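Encoded as structure tokens, the structure appears first; notes follow it.
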Amino acid sequence: MKITKFWMGLCLSVSLIGLTACSSGNGGGNNAVEGTNAPETGKTGGAVSTEQAKAPGNSPSKGEKATIVFSTFWPDDTFKEAKKKYEAKHPNITIELHDVQADDAHTEAELEKYVTSTNAAMLSGKGPDILLLDMLPSEKYVGQHLLADLSDKLKQDPSFKNGEYFNNILENSQTSGGLYGIPLNFFLNVLLGDEAAIKQAGVPIDDKTWTWEKLAETTKQLAQKGPYTSALGTSPEYLLGEMVKENHTRFVDEENRKASFDTAAFTDMMQQVKTMKEDGIIAEGRFDTYFAPRNINSSWDYLVSLKEFGEQAKLYAKPQAEGTKAGGYFYTYKTIGINEKSAVKEEAWEFLQFLMSEELQISPERAGFPINKKVYEKQVQKLLSDGTFKTYEEGPLQGQSFPVDKQLLQQLESYLTEAVHPGTFQKSKIEEIVTKECKAFFSGQKTAQEVAKLIQNKVMTYLNE
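Residue numbers (my numbering): 439 to 903.
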């Protein structure tokens with residue numbers, strides 16, 4: 439996927455259709471997905487396996503021919519390359535790629551169609567063997583036990599034991615006590631700060647352990663001595679949505695289909711954000727602020743982002759919510775799950791290991807830090823050997839080139855290894871509910887308790903659909 443297609447996917451806002459309440463899998467509504475014979479690529483509208491008509495457990499013996507159906511929404515050149523290389527090394531395995539060809543005018547409609555058909559296929563037990571989960575309601579799949587738990591298999595992988603992956607990302611990508619999707623890539627969710635303005639104010643910052651409350655206190659000190667009065671130019675509902683996303687497991691239990699928004703922990707968080715708004719710590723539409731939230735998607739993007747923010751920009755970790763462990767935030771990207779009812783789970787796992795390996799060489803300009811540390815190190819070496827990097831052609835610097843700063847890249851690595859709080863770049867249905875309903879609290883129309891109860895009821899309804 440090119441950077442431009444990545445940003446198109448990132449910005450797409452669609453209300454994904456949830457799984458049906460009936461999960462028996464034999465209803466007449468699923469007939470359309472049975473016996474589908476899709477081409478390897480470009481299968482418009484959908485998703486679905488040909489192999490899953492086999493009874494679960496009828497996995498082929500080692501060395502027998504097997505077909506692995508791999509479903510994604512976006513076509514992806516990396517997966518096409520992986521298919522070619524893997525099939526050459528394993529002549530008994532066929533990787534059948536299913537994706538959707540959609541132009542800009544029809545992307546939203548095609549995505550809804552894709553999600554609906556994939557949901558139906560998964561519930562019927564005839565879904566694809568491997569799924570790219572980024573555009574799918576994976577929390578629903580986890581809650582209904584439709585995805586295989588990969589945690590034990592990962593622990594048996596010598597590469598995991600030897601620390602060849604960013605294990606902090608893998609270990610903190612677990613949900614409901616298991617690892618139901620492995621991210622091939624991830625982003626850092628951070629703050630970029632005006633280091634020159636902060637130094638001018640002379641206010642020390644320990645971003646490795648600070649909380650949102652500490653950020654508010656720090657900003658008040660900065661405002662007294664420095665050039666700006668606000669920390670972030672954002673809306674309170676957006677900030678609350680981000681904080682909920684970053685503390686997802688604190689408020690949502692997918693496996694047991696429970697939510698905890700009608701609690702003091704959530705209403706306190708709402709009040710904290712409201713106070714930050716009233717004190718001017720956050721100010722919607724302001725650009726003259728000390729910090730700006732940013733998703734850093736690669737080592738190259740990191741260097742570009744610093745230049746776009748300003749000449750003396752610095753990366754800072756986002757504050758944590760009260761009561762959470764220290765560490766930065768990351769968003770998983772290209773997260774792969776394996777169908778729990780797949781007849782070729784072992785073969786699918788071996789292919790997933792290949793996707794995680796260093797055999798696929800990824801340019802440092804491709805979106806997403808690779809989960810494989812050796813691939814990341816090669817990307818950094820490529821930047822250093824090139825000596826210069828070019829900014830986004832469509833960005834504010836219009837494709838200008840700058841020298842690569844080795845020290846900045848060294849600083850980046852500590853943030854990569856210290857990220858422990860997971861999230862997803864796509865806005866979930868739960869986040870949509872939170873950001874929509876909390877506006878009534880921030881405008882003074884409803885109390886925090888009234889809004890929390892409303893959010894609790896709507897999220898519980900969604901989880902139990």
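Beta carbons are placed, not taken as given, at the ideal position from N, Cα and C, and that holds for glycine.
From a predicted model like this one, the values you see are computed outputs, not experimental measurements.
Can you give me the Cβ contacts of residue i inside the same chain, cut-off strictly under 8 Å, excluding the 5 residues immediately before and after it?
i: Leu-622; result: Tyr-771, Lys-772, Thr-773, Ile-774, Leu-793, Met-794, Gly-806, Pro-808, Ile-809
i: Gln-849; result: Leu-753
i: Asn-658; result: Note that residue 658 is Lys in the sequence shown here, rather than Asn. Excluding sequence neighbours, Lys-658 sits near Asp-717, Ile-719.
i: Asp-843; result: Leu-741
i: Gln-845; result: none
i: Gly-882; result: none
Excluding the 5 residues preceding and the 5 following residue i in the sequence, name in chain order all residues of the same chain whose CB lies nearer than 7 Å to its CB.
i: Gly-765; result: Glu-856, Ala-857, Val-858, His-859
i: Phe-699; result: Phe-689, Ala-890, Ile-893, Gln-894, Val-897
i: Gln-887; result: Thr-705
i: Gly-501; result: Asn-530
Answer yes or no: do residue i and residue j have a C-beta to C-beta separation smaller than 7 Å?
i: Glu-633; j: Gln-710; result: no
i: Ile-720; j: Leu-653; result: no
i: Gly-679; j: Val-872; result: yes
i: Pro-566; j: Asp-537; result: no
i: Pro-841; j: Thr-826; result: yes
i: Ile-776; j: Ile-643; result: no
i: Val-641; j: Leu-660; result: yes
i: Ser-614; j: Glu-693; result: yes
i: Gly-916; j: Tyr-740; result: The structure shown does not extend to residue 916, since the chain spans only 439 to 903, so no value can be given for it.
i: Lys-591; j: Trp-787; result: yes
i: Asn-627; j: Tyr-767; result: yes
i: Asp-587; j: Gly-616; result: yes
i: Ser-673; j: Glu-722; result: yes
i: Gly-833; j: Arg-695; result: no
i: Glu-675; j: Lys-877; result: yes
i: Met-708; j: Met-681; result: no
Looking at the unbroken alpha helix (DSSP H) that takes in residue i, where does it start and where does it end?
i: Glu-577; result: 576 to 581
i: Asn-810; result: Taken as a continuous stretch (DSSP letters only), Asn-810 belongs to no alpha helix (DSSP H), as it is neither H nor E.
i: Pro-665; result: Where Pro-665 is concerned, there is no enclosing alpha helix (DSSP H), given that its DSSP letter is neither H nor E.
i: Asn-895; result: 886 to 901
i: Thr-701; result: No alpha helix (DSSP H) contains Thr-701, which DSSP labels as neither H nor E.
i: Phe-604; result: No alpha helix (DSSP H) contains Phe-604, which DSSP labels as neither H nor E.
Along the chain, where does the beta strand (DSSP E) containing residue i start, and where does it finish?
i: His-536; result: 531 to 536
i: Thr-505; result: 504 to 509
i: Asp-632; result: 620 to 632
i: Thr-773; result: 766 to 776
i: Ser-839; result: 839 to 841
i: Ala-733; result: In the sequence under discussion, the amino acid at residue 733 is Asn, which differs from the Ala named in the question. Unbroken beta strand (DSSP E) run through Asn-733: 729 to 734.
i: Leu-753; result: 751 to 755
i: Ile-568; result: 568 to 570
i: Phe-827; result: 826 to 828
Round the Cβ separation of residue i and residue j to the nearest angstrom and send it over; I've been treating them as touching at under 8 Å.
i: Leu-570; j: Tyr-579; result: Leu-570 to Tyr-579, Cβ: 12 Å. No contact.
i: Lys-683; j: Phe-880; result: About 18 Å; that fails the 8 Å criterion.
i: Leu-835; j: Lys-745; result: 6 Å
i: Phe-604; j: Lys-811; result: 6 Å
Between which residues of its own chain and residue i is the CB-CB distance below 6 Å, once the five residues before and five after are set aside?
i: Ala-639; result: Leu-660, Lys-663, Gly-664
i: Phe-747; result: Leu-630
i: Asn-573; result: The displayed chain sequence assigns Met, not Asn, to residue 573. Taken in chain order, the residues that qualify are Phe-511.
i: Glu-831; result: Gly-837
i: Lys-816; result: none
**Message:** Using 8 Å as the cut-off, can you tell me whether the region 601 to 610 makes contact with the region 730 to 738, which would need three or more C-beta pairs spanning the two stretches below that distance?
**Reply:** no
**Asked** Are the region 755 to 766 and the region 555 to 570 touching, with three or more C-beta to C-beta distances below 8 Å?
**Response** no
**Asked** Any chance the region 795 to 804 sits against the region 815 to 824, with 3 or more Cβ pairs inside 8 Å?
**Response** yes
**Asked** Per the contact definition of three or more C-beta pairs closer than 8 Å, is the region 661 to 672 in contact with the region 714 to 729?
**Response** yes
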